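J.: Quick one: the structure is below, and I'll ask about it shortly.
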Amino acid sequence: MALTLQGFESDRYGAVTDESKDDLDVFQTVGTLKTTPDFKLTTVANLRNLRSGEYLFTPGSIYFAYNTDKTKVVITDDSQLPPGLKYEQVDDDKFIVRLGV
Numbered sequence: 003m004a005l006t007l008q009g010f011e012s013d014r015y016g017a018v019t020d021e022s023k024d025d026l027d028v029f030q031t032v033g034t035l036k037t038t039p040d041f042k043l044t045t046v047a048n049l050r051n052l053r054s055g056e057y058l059f060t061p062g063s064i065y066f067a068y069n070t071d072k073t074k075v076v077i078t079d080d081s082q083l084p085p086g087l088k089y090e091q092v093d094d095d096k097f098i099v100r101l102g103v
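Those letters in the sequence shown? Residues 3 to 103, per the working numbering, in order.
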């Protein structure tokens, strides 16, 4: 299995993939978010079986922005987050995205 998060501007942010072959949590940076109030980063999320290439759910999106009032990154829209994916904000600029139960 591979969980991939990719910024919509993939040439700027690249893709971050965690292959769950070692049963360990691996934390990686998706990218650096602009701190301009009107900039929103669209991030594509998908989970794929590496052997078959099959997606386990329809890829979806999650939207991040920098909130200047709170001086932290916030999620502005998670309505397109694929079912089964959960997230938790663990710091002003860090989120953990994982399969939920």
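No residue lacks a Cβ here, since even glycine has one placed at the ideal position from N, Cα and C. Because the structure is a prediction, the values reported are computed rather than measured.
Please look up how many angstroms separate the CB atoms of F66 and L101, rounded, as I've assumed it's under 8 Å.
T.: Incorrect: roughly 20 Å between the Cβ atoms, too far for contact.
J.: By DSSP, does D79 sit in helix, in strand, or in coil?
T.: Looking at D79 - three-state DSSP - the assignment turns out to be strand.
J.: Are there 16 or more other CB atoms within 10 angstroms of the CB of T73, so buried, or fewer, so exposed?
T.: By the 10 Å Cβ count, T73 comes out exposed.
J.: Within 10 Å of its beta-carbon, does V92 have 16 or more other beta-carbons around it, so buried, or fewer, so exposed?
T.: The residue in question, V92, is exposed, as its Cβ has fewer than 16 Cβ neighbours within 10 Å.
J.: Here's the rule: buried if 16 or more other CB atoms are within 10 angstroms of the residue's CB, otherwise exposed. What is L83?
T.: Label assigned to L83: buried.
J.: Grouping DSSP H, G and I as helix and E and B as strand, with all else coil, what is G55?
T.: In the structure shown, G55 sits in coil (DSSP, three-state: anything other than H, G, I, E or B).
J.: Would DSSP call K74 helix, strand or coil?
T.: If DSSP states are grouped into helix, strand and coil, K74 belongs with the strands.
J.: Have a look at S63, N48, G62 and flag the residue whose alpha-carbon is nearest the alpha-carbon of E56.
T.: Of the listed residues, the one whose Cα sits closest to E56 is N48.
J.: Within its chain, find whatever has a CB closer than 6 Å to the CB of F97; leave out the 5 residues flanking it on each side and keep chain order.
T.: Only Y89, Q91 meet the Cβ criterion.
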